[in-house]
Each structure stands twice: as structure tokens, then as C-alpha cells.
Amino acid sequence: MSKERVVLAYSGGLDTSVAIKWLREEYKVDVIAVAVNVGQSENLILIQRKALAMGAISSLVVDAEAEYI
1 MSKERVVLAY SGGLDTSVAI KWLREEYKVD VIAVAVNVGQ SENLILIQRK
51 ALAMGAISSL VVDAEAEYI
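No gaps in the numbering here: position 26 of the sequence shown is 26 in my numbering, and each next residue is one more.
Laid out in C-alpha cells, this is it:
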């Protein structure tokens, strides 16, 4: 039987980074991290890599910049 999956709105900050590990350990779920590009200055590739390093099984970026700029 496969694990349940959780999609986490991921900022790359401390809280959501810890949440990846916590969800995996406490609830035994796979975590998919999703960041949203709204034109911020953060490097989204680094945010994706950080999510994977914290244990997410996948890390995606949704491009919503056109809606915000």
C-alpha cells in the first residue's frame, strides 16, 4: 500500500522546512512542496532544492507572476 501524500505550500523558511520533516515523521506521509512565484526576489531553484533536502518527494514552483505584477 502506498503512502498518503500531502501538498505543502512551501516558502523555504524555517517553519515550512521543519513542517516537511514533521509531517513525514509524525504522520508517515510523503510531502510534495509547492512554492508560488509571485515576482519575489528569492531564488526559487534554491527553495526547491531545500525542500528536497528536507525530505520532500517532489518540489514544484507555480508561476503566478503575471497575476501579481
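Yeah, the Cβ is synthetic: ideal placement off N, Cα and C, and Gly gets one too.
- Judged by DSSP in its simplified three-state form, Ser17 adopts helix.
- With a cut-off of 8 Å on Cβ pairs, the segment 19 to 26 is in contact with the segment 50 to 61, counting three or more such pairs.
- When DSSP states are grouped into helix, strand and coil, Ala66 belongs to the helix group.
- For Val6, same chain residues with a beta-carbon under 8 Å away, outside a window of 5 residues either side, are Leu23, Tyr27, Val29, Asp30, Val31 and Ile32 in chain order.
- Put simply, the backbone Cα of Ala35 is about 17 Å away from that of Ile69.
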